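This report refers to the structure that appears directly beneath it.
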Amino acid sequence: MTALLLRNARVEDAPDPTDVWIRDGRIEAVGRPALDHPDQPEGPGCHPGHPERPYGHEELDCAGRVLLPGLIESHLHPDKALLDLAHPHAGGTLADAIRVTAELKAGFTHADVRARAEQVLRMCVTHGTTTVRAHPDVDPVARLTGLEVLLELRDSWAELVTLQIVAFPQEGILKAPGTAELLRRALAAGADAVGGCTYGEHSLADCRRHVEHVLDLAVEYGVPADLHADFADDASDPRFALAEFIAEQTVARGLSGRVTLGHATSLGGRPPSERRAALKALAEAGVAVVPLPATDLFLGGRGDTTAVRRGLAPVREMWDAGVRTACSSNNIRNAFTPYGTGDLLDTALLLARLGHLAGPADLRRVLRMVTYDAARVVGLPEADYGTHVGAVADLVLLDTQDYDAVLIDRPARTAVVKSGRIVARSTRTTELTALPAVGVEAQ
Ligand SMILES: [Zn+2]
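Sequential numbering of the sequence shown, starting at 1, is according to UniProt numbering.
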């Protein structure tokens, strides 16, 4: 049995701090009345009125800091992370990034992938992420190396982070013979979801067959589907206007609520009436969209010589249309995204900047895109995720007392709690070592 008492924690946007009692990995009580005088024993080794709460628990005074549910990376590629030093000059387009990474992938070894993936998980966990949906490449080049590494890490890192694994056919399915069989092997080996990558295919017909293949596998194996799709500045090439088709095929297979699209940047480049129709179809089909702003901004607009586009799915319009959304980091330090620290709050703030989102209401919604909304996208049960009694105690304590400053300040993660245990701590100290002069007349 493990027990943890978080004293004086400001639970999300609550006006006053309170105490949070955690036992056996879940939140057992929130509030002071239930926790009066916990250090005064009533019986041997027990709390007064609560014989089920033995002493010997760990205790942390949160000093009024904000406590949030753990952050959720709903779309990440740990197997391809941290390749920036191996090939720093990719060219900057999506095609360049795929080509360069495919070359590097040919040299991947189990040990190399594992070392980089573990480093990324360390970066994510220390920044307060407690759940990661990972997309390892599954194709004739990478074969199952990334998937096998992540299956190992799903077990060995389980006490620090929950890993979901998506079998991801980066090189296409029809374009890369052998991939269909590898996807089946990945699902049989224990992948949690089937991925897709429509823009890897040569024609619109092949893109559609790719979508059908992935969704059919989702039905056959009883897993969610998570596709990379519509990743272009606009939809002038019809291979990048698949949103409505994916929505239609999702409904046809009874997969509503279990299909996600990553990127979907071309939605932002389609004419308003088309865009509204596409968003309506996605919302009605229960298809989620996950913008990946660090990658979308870096690779987007590369063909523009004036008025360079930002290449981002239309976040506010998706909210208004009722499309389920989350926001995630995608790649960290490779040809797709040569930046990143594993701090999901950095990514969320980038989304706010790119999406013209500001003010407390917008920023609160953006924060939800890396917490509650992301939990829905990756399928965590509502009863399990959050700061309510009964939830799994996956939490992050931030070094601020102001909920509305979380995104703007991105404060230190004072403590990260996974299943009721503190797994990371951070402190950040800054001081002014000189003061402005007092009483000097302005010249
Ligand atoms: Zn991705």
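Each residue gets a CB set at the ideal place from its N, CA and C atoms; glycine is no exception.
Just so it is clear, the structure is predicted and the values come from calculations on it, not from any experiment.
In this structure, the C-beta of Leu-292 approaches ligand 1 to less than 7 Å from one of its heavy atoms. Inter-residue distance for Ala-247 and Val-323 is about 11 Å (C-alpha atoms, whole angstroms).
Residue environment analysis places Val-438 among the exposed positions, since fewer than 16 neighbouring C-beta atoms fall within 10 angstroms of its C-beta.
Burial check for Ser-74: the Cβ neighbour count within 10 Å reaches 16 or more, so the residue is buried. Note: Glu-59 is bridge-paired with Leu-5 in the DSSP secondary-structure output. With 6 Å as the limit between CB and the heavy atoms of ligand 1, the residues that fall short of it are His-75, His-77, His-135, His-228, Gly-262 and Asn-330. Here DSSP, grouped into helix, strand and coil, assigns Glu-171 to coil. In the DSSP assignment, Glu-73 falls within the beta strand (DSSP E) that extends over 71-76. DSSP, read as helix, strand or coil, puts Thr-400 in coil. Residue range 259-263 is occupied by the beta strand (DSSP E) that includes Gly-262.
Within the same chain, Val-141 and Ala-142 come within 6 Å of Lys-105 by CB-CB distance, once the 5 residues on both sides are set aside.
With contact defined as three or more Cβ pairs closer than 8 Å, the segment 224-242 and the segment 296-309 are in contact.
No residue range can be given for Trp-157, since it is assigned to no beta strand (DSSP E) and is classified by DSSP as neither H nor E. Excluding its 5 nearest sequence neighbours in each direction, Leu-182 has C-beta neighbours in its own chain below 6 Å: Val-138, listed in chain order.
Shown here, Leu-395 sits in a strand according to DSSP, grouped into three states.
Cβ contact annotation for Leu-227 (same chain, cutoff 8 Å, sequence separation greater than five): Gly-195, Gly-196, Cys-197, Thr-198, Val-211, Val-214, Ile-246, Val-259, Thr-260, Leu-261 and Gly-262, in chain order. Assignment of Asp-226 by DSSP, reduced to helix, strand and coil, places it in the strand class.
Note that the segment 406-416 does not touch the segment 323-334; fewer than 3 beta-carbon pairs, one per stretch, sit closer than 8 Å.
When rounded, the separation of the alpha-carbon atoms in Asp-13 and Val-66 is 8 Å. Judged by DSSP secondary structure, Val-406 falls outside any beta strand (DSSP E) and instead within the alpha helix (DSSP H) spanning 406-409.
Looking at the backbone, the Cα of Arg-275 and that of Met-318 are separated by about 10 Å. By the C-beta density criterion, Ala-335 is buried, having at least 16 other C-beta atoms within 10 angstroms.
Distance from the CA of Pro-177 to the CA of Ala-167, rounded to the nearest whole angstrom, comes to 16 Å. Under the 10 Å beta carbon count, Glu-171 is surrounded by 16 or more other beta carbons and is classified as buried.
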